[in-house]
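Note sheet for the following structure.
There are 2 protein chains.
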Amino acid sequence: MEVQEIIQAMSNKGMRITEQRKTLARLFVDHEGYLTPKEVYEAMVQTYAGMSFDTVYRNLRVLQEMDIVEQFMFEDGIKFRLRCHTDEHHHHFICLECERTIPFHYCPMDHVQQYPEGFKPVKHKFDIYGYCETCQSGQSRQAAAR
Amino acid sequence: MEVQEIIQAMSNKGMRITEQRKTLARLFVDHEGYLTPKEVYEAMVQTYAGMSFDTVYRNLRVLQEMDIVEQFMFEDGIKFRLRCHTDEHHHHFICLECERTIPFHYCPMDHVQQYPEGFKPVKHKFDIYGYCETCQSGQSRQAAAR
DNA sequence: TTCCCTGCAAACATTTTGCAGCACT
DNA sequence: AGTGCTGCAAAATGTTTGCAGGGAA
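These protein sequence lines map, in sequence, to chains X and E. Quick note, in the numbering used here, the first sequence goes up one by one and the last residue is 889. Quick note, in the numbering used here, the second sequence goes up one by one and the last residue is 889.
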């Protein structure tokens, strides 16, 4: 997804296109993994000294309501990332280091034969965590990124 | 797991057995699903009027460090429940209404053939959410439980 | 010009910490 | 009696809300 598309979508909904929102869009487009509200703030405040946390939260919520970003609960809190472009059902490999996510289409639900008596499945969660190639090889790439 | 076992385990570690801790143990033993710290507090304060939130948090952490309860991140926050007794690898059906969890032993990892180039899997998450028999049939059981 | 967006301040919710007194062992 | 547990108070975090001014359309 391109910055332009995001901006266009916001504009189409009658929202104002501010410098902050452009920067926020770029931030997500450029970042493959998840971002915490705090990380977003810290990235933005470098460009906009006066940046406030509430604007970050407000805009994250806006982007989420527009289905541009999605929220995910990690063990250490809420994080956001660009929603997957595809509508196809899929799951993710998630790098524990850089949090980059890589989609795959195998779904285990096809193989679950037995449900508890009377259990009615509604949704499921299947994610595989590990280390991506970059974070394994580039020993200190992670350190550098921090 | 029985209240007695939990108490015994705490006692063995040299911890004091207080009335609150007995009640807390009973609470988890009697409750099949997950509990938020707030729910724990609200249940406990009925018995101990002076009960404070910090005691709840402290004891939850103690029980967690002893591997008696486990923590789980839901979309609406952290919740706790008794750790599964079995050591066998397994996953869970989780009721969206009462949050009761039912273990099953099928594991999709055996069927994932391809990993992204260089990806090194470490752990995974597979949970199936839905409605258990009780919460489907007893139409208002849920409402009553609230 | 209009009205949305922003920063500020403050409120709110959740979780943690220091301390003194009380209770378990 | 000794020490760990508890409640209280306060602080640290994370998130939300009301308001007035500034900026996008």
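Heads up, the beta-carbon is just placed ideally off N, CA and C, and yes, glycines get one too. Fair warning: this is a prediction, and the values are worked out from it, not measured in the lab.
Could you tell me how far apart the beta carbons of X:Ile837 and X:Asp870 are, in whole angstroms, since I believe they sit closer than 8 Å?
Rounded, the Cβ-Cβ distance is 6 Å, consistent with contact.
Less than 8 Å between the CB atoms is what I'm expecting for X:Glu831 and X:Tyr777, so what's the real figure, rounded?
Contact flag wrong, Cβ pair sits at about 21 Å.
Within 10 angstroms of its Cβ, does E:His848 collect 16 or more other Cβ (buried), or is it exposed?
Per the 10 Å Cβ criterion, exposed.
When the Cβ atoms of the region 756-773 of chain E are set against those of the region 781-801 of chain E, are three or more pairs found closer than 8 Å?
Contact between the region 756-773 of chain E and the region 781-801 of chain E is present, because at least three Cβ pairs lie under 8 Å.
Which residues, in order along the region 763-787 of chain E, keep a beta-carbon less than 8 Å from a beta-carbon of chain X?
Under the 8 Å Cβ criterion, the region 763-787 of chain E contributes no residue.
E:Phe815 to X:Arg826, Cα distance in whole Å?
Roughly 24 Å separates the two Cα atoms.
So, is the C-beta of E:Gln789 closer than 9 Å to a C-beta in chain X?
So, not an interface residue.
In chain order, what residues of the same chain lie with their CB nearer than 8 Å to the CB of X:Gln885, ignoring the 5 residues before and after it?
With a pLDDT of 42 at X:Gln885, under the threshold of 50, the predicted position of this residue should be treated as unreliable, though the coordinate-derived value follows. Same-chain partners within the cutoff: Glu840, Cys841, Cys878.
For a contact defined as C-beta to C-beta under 8 Å, what are the partners of E:Leu839 on chain X?
Within chain X, the residues near E:Leu839 are Val865.
Using a Cβ-Cβ cutoff of less than 8 Å, which residues in the same chain neighbour E:His835 once the five nearest sequence positions on both sides are dropped?
These residues qualify, in order along the chain: Thr844, Ile845, Pro846, Phe847, Asp870, Ile871.
Is the separation between the beta-carbon of X:Gln763 and that of X:Met744 shorter than 9 Å?
Not closer than 9 Å, so no.
With DSSP as the reference, label X:Met809 as helix, strand or coil.
X:Met809: coil per DSSP, three-state reduction.
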